[in-house]
Amino acid sequence: MNLLCLDAPLVALVWQWLFARSFGAHLNWPLRLLLFLTAWLIYLGDRFADTLRLPAAGPGSERHRFCQEHMIGWWIAIVIIFIIDTALALRTLDLQMLLLGGTLAFACAVYLFLNHSLGGKWWPIPVKEKSIGVLFAAGTTLAVVGQLPGLTISFAFAVVLFAILCTFNCLCIASWERELDAAQGKTSLLTGWPAVARALKPLGLALVVVALVLAVLWRFAAPLWLCLAASALLLIWLHSATTLARDNRTALADLVLLTPVLVLLFSYR
Numbered sequence: 005m006n007l008l009c010l011d012a013p014l015v016a017l018v019w020q021w022l023f024a025r026s027f028g029a030h031l032n033w034p035l036r037l038l039l040f041l042t043a044w045l046i047y048l049g050d051r052f053a054d055t056l057r058l059p060a061a062g063p064g065s066e067r068h069r070f071c072q073e074h075m076i077g078w079w080i081a082i083v084i085i086f087i088i089d090t091a092l093a094l095r096t097l098d099l100q101m102l103l104l105g106g107t108l109a110f111a112c113a114v115y116l117f118l119n120h121s122l123g124g125k126w127w128p129i130p131v132k133e134k135s136i137g138v139l140f141a142a143g144t145t146l147a148v149v150g151q152l153p154g155l156t157i158s159f160a161f162a163v164v165l166f167a168i169l170c171t172f173n174c175l176c177i178a179s180w181e182r183e184l185d186a187a188q189g190k191t192s193l194l195t196g197w198p199a200v201a202r203a204l205k206p207l208g209l210a211l212v213v214v215a216l217v218l219a220v221l222w223r224f225a226a227p228l229w230l231c232l233a234a235s236a237l238l239l240i241w242l243h244s245a246t247t248l249a250r251d252n253r254t255a256l257a258d259l260v261l262l263t264p265v266l267v268l269l270f271s272y273r
């Protein structure tokens with residue numbers, strides 16, 4: 005799934021379902037399909053642009069080599085998904101959701117432009133990782149926000165914690181790929197300050213503790229808090245699994261965010 009950029013859209017889809025279930029939002033299938041297609045389109049485009057900048061014989065990850073070998077098919081997929089996604093959005097969304105979605109799409113486009121115009125050479129602060137985490141969380145919960153009668157403190161806490169979890173995920177990957185990023189001339193928090201990798205486990209544990217406390221405080225959304233805690237724990241384990249190959253850890257990093265699938269399975273028992 006990682007090679008085809010399908011892991012992130014699936015993560016977004018199951019977390020959207022869990023947010024909707026936890027806070028009483030009713031989402032129709034076009035809203036769910038739009039999220040999947042949009043997330044897939046963004047990740048396909050990002051991978052494509054990333055691969056274009058890499059020399060064919062230079063250092064690279066397995067996912068980028070796969071994209072290099074299928075550039076024409078990749079581009080065709082981007083065009084087809086863009087057409088379907090745009091047509092579905094114009095056909096099914098009301099004006100408010102179109103404006104909200106358009107604003108978020110513009111923010112994603114700005115991020116992609118900055119990331120690739122800078123050649124991946126961000127300043128050594130976690131701007132890139134934070135941007136991805138915040139944009140991913142915002143995109144995942146956007147349709148849920150549009151279906152709620154009003155926003156609550158518990159919902160705000162849930163979105164913030166999910167954004168932190170996504171940022172934690174990106175920081176872990178940046179830690180594992182630090183040497184590769186340095187070889188490719190990219191800059192991240194971890195290439196600037198490698199010692200920050202030692203702070204990732206405490207960050208993950210803090211996220212687990214906060215999520216468990218909120219599970220007690222707001223029990224109606226207990227499955228969501230527990231999934232946040234479980235995914236953070238799995239990322240901590242993955243970060244400690246130094247014997248795993250780099251590409252395998254990166255592929256598993258998104259899969260460990262699929263904990264809402266367990267809630268989905270048990271809810272239909």
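Heads up, the sequence shown is in the numbering used here, so the first residue is 5 and it goes up one at a time.
Idealized CB from N, CA, C, for every residue including glycine.
- Using a Cβ distance threshold of 8 Å, residue 137 and residue 171 count as a contacting pair.
- Check the Cα spacing between residue 239 and each of 220, 178 and 184: the tightest is with 178.
- Relative to residue 26, the option among 96, 159 and 54 whose CA is nearest is 159.
- Fewer than three Cβ pairs drawn from the region 135-149 and the region 72-92 lie within less than 8 Å of each other, which leaves the two stretches out of contact.
- Here residue 47 is not near residue 24, since their CB atoms are 8 Å or more apart.
- Beta-carbon to beta-carbon, residue 227 and residue 267 are separated by about 5 Å, close enough to satisfy the 8 Å threshold.
- With a threshold of 16 other beta carbon atoms within 10 Å, residue 264 meets it and is buried.
- Within its own chain, the residues whose Cβ lies closer than 7 Å to the Cβ of residue 35, once the five positions on either side in sequence are excluded, are 147, listed in chain order.
- Straight-line measurement puts the Cα of residue 139 at about 12 Å from the Cα of residue 174.
- Just measuring C-alpha positions, the residue of 150, 41 and 7 sitting nearest residue 68 is 7.
- Pairing residue 215 with residue 225, the inter-Cα distance amounts to about 11 Å.
- Of all alpha-carbon atoms in 5, 40 and 87, the one lying nearest the alpha-carbon of residue 17 is that of 40.
- DSSP places residue 5 in the coil class of the three-state scheme, outside both helix and strand.
- One alpha carbon belongs to residue 56, the other to residue 50, and they sit about 10 Å apart.
- Spatial neighbours of residue 45 in its own chain (CB-CB distance under 7 Å, excluding positions within 5 residues in sequence) are listed in chain order as 82, 85, 86 and 89.
- One thing to note: residue 231 has its Cβ no nearer than 8 Å to the Cβ of residue 31.
- DSSP places residue 98 outside both helix and strand once states are collapsed to three, so it counts as coil.
- Taking residue 259 as the centre and dropping the five residues before and after it, the same chain places the C-beta of 11 closer than 7 Å to its C-beta, in chain order.
- Contact between residue 38 and residue 92 holds, with the beta-carbon distance rounding to 6 Å and staying under 8 Å.
- Taking residue 112 as the centre and dropping the five residues before and after it, the same chain places the C-beta of 46 and 139 closer than 7 Å to its C-beta, in chain order.
- Judged by beta-carbon spacing, residue 229 lies beyond the 8 Å limit of residue 211, meaning their Cβ atoms are not closer than that value.
- Along the region 105-188, the alpha helix (DSSP H) occurs as fully enclosed runs of 4 or more residues at 131-151, 157-180 and 182-187, listed in sequence order.
- By the neighbour-count definition (other C-beta atoms within 10 Å, threshold 16), residue 271 is an exposed residue.
- Under the three-state reduction of DSSP output, residue 241 falls in the helix class.
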